[in-house]
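J.: Using this note's numbering, the letters of the sequence shown correspond one by one to residues 23 to 279.
By construction, the Cβ of each residue, glycine as well, lies at the ideal position given by its N, Cα and C atoms.
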Amino acid sequence: MQTSPRLLSAVASLALAGVLTMAVTPVQAGNWFGNKTVAGSGTASSVKRELAPFHAIAVDMHGKIELIQGNAEGVVVEADDNLLPLIETVVTNGQLRIRTAKGVNLPGSTKVKVTVHVRNIDKLSLAGSADLSAARLSAPKLASNIAGSGTITITDLQSDDLKVSIAGSGSFEAQGVANALVVNIAGSGDVSASKLSAQEVKVSIAGSGDASLWVRKALSVSIAGSGDVRYYGEGSLRDASTMGSGSIKQLGAAPPV
23 MQTSPRLLSA VASLALAGVL TMAVTPVQAG NWFGNKTVAG SGTASSVKRE LAPFHAIAVD
83 MHGKIELIQG NAEGVVVEAD DNLLPLIETV VTNGQLRIRT AKGVNLPGST KVKVTVHVRN
143 IDKLSLAGSA DLSAARLSAP KLASNIAGSG TITITDLQSD DLKVSIAGSG SFEAQGVANA
203 LVVNIAGSGD VSASKLSAQE VKVSIAGSGD ASLWVRKALS VSIAGSGDVR YYGEGSLRDA
263 STMGSGSIKQ LGAAPPV
């Protein structure tokens, strides 16, 4: 029996997930051991920062990130007053990095919110347990990458080319319209896109991840492990390969209103 290239890709993704987990964990541990943990003062404050133009966002700390698309660029950071100088928002080569200062840790219970105003966006990256949300977002091309347990939620997304990659237990949820959607899950991540109308969809799952989709034209799936794909729509299932207890199931012509 021949093994399909897509299935081999899924198996490779599973191996990559293990590598990423081993790579990320020591970094997180290293941040905790030998660094200074700073607790908040209990006095809430905020600061507005003007930034150089950027089109990508990378979050390397926990907290809530609200993305607002419009004609302005900049951030508003909300946290206890003594923590504000320790939360960095730096633009390098068109990418906004949101992170804590080197050598500093914030307790997991620390409340931090960063409101990001952006004109154009083509990449979102989360490392750790940050939660990023956007009410409306228009991006001809958008790559969303989650490493860890972070979440990305977009209430109204308009995109021609959307790619979602999850390594770990993170989740991605979106409603709206996408012409092409590519989903890669390595681990136990979850993609909830049953109200994101997509023409052509490709899904690769290595592990126990799940994907719910709305497919209008064509769907290709490869699963290695116990992952599940559930989809609405009348799109044809062009290619399907599974290895393990994973499953693919059509739920109906359209998602419930």
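1. Are Ile87 and Val136 close, meaning C-beta to C-beta below 8 Å?
2. Please say whether Ser244 and Ser267 have beta carbons closer to each other than 8 Å?
3. Ile90 and Ala101: beta carbons closer than 8 Å?
4. Give me the Cα-Cα distance between Asp232 and Ala94, rounded to the nearest whole angstrom.
5. Where do the N-terminal and C-terminal ends of the beta strand (DSSP E) with Val60 fall, by residue?
6. Going by DSSP, which residues form a beta bridge with Thr65?
7. How many whole angstroms separate the CB atoms of Ser147 and Ile207, which I take to be in contact at a CB cut-off of 8 Å?
8. Between the alpha carbons of Ile168 and Ser187, how many angstroms are there, rounded?
9. Within a Cβ cutoff of 6 Å, which residues of the same chain sit near Ser181, ignoring the five residues on either side of it in sequence?
10. If I follow the unbroken beta strand (DSSP E) through Val134, where does it start and stop?
11. Between Phe194, Leu105, Thr59 and Pro75, which has its C-alpha nearest Val140's C-alpha?
12. My guess is that Val113 and Leu154 are in contact by the Cβ rule of under 8 Å, so how many angstroms apart are they, rounded?
T.: Taking the coordinates as given:
1. yes
2. no
3. no
4. 36 Å
5. Premise fails: Val60 is in no beta strand (DSSP E) and is neither H nor E.
6. DSSP output for Thr65 lists no bridge partner at all.
7. Incorrect: roughly 16 Å between the Cβ atoms, too far for contact.
8. 6 Å
9. Ala161, Leu164 and Ala200
10. Val134 -> no beta strand (DSSP E), and no H or E assigned at all.
11. Pro75
12. Wrong, their Cβ atoms sit about 17 Å apart, outside the cutoff.
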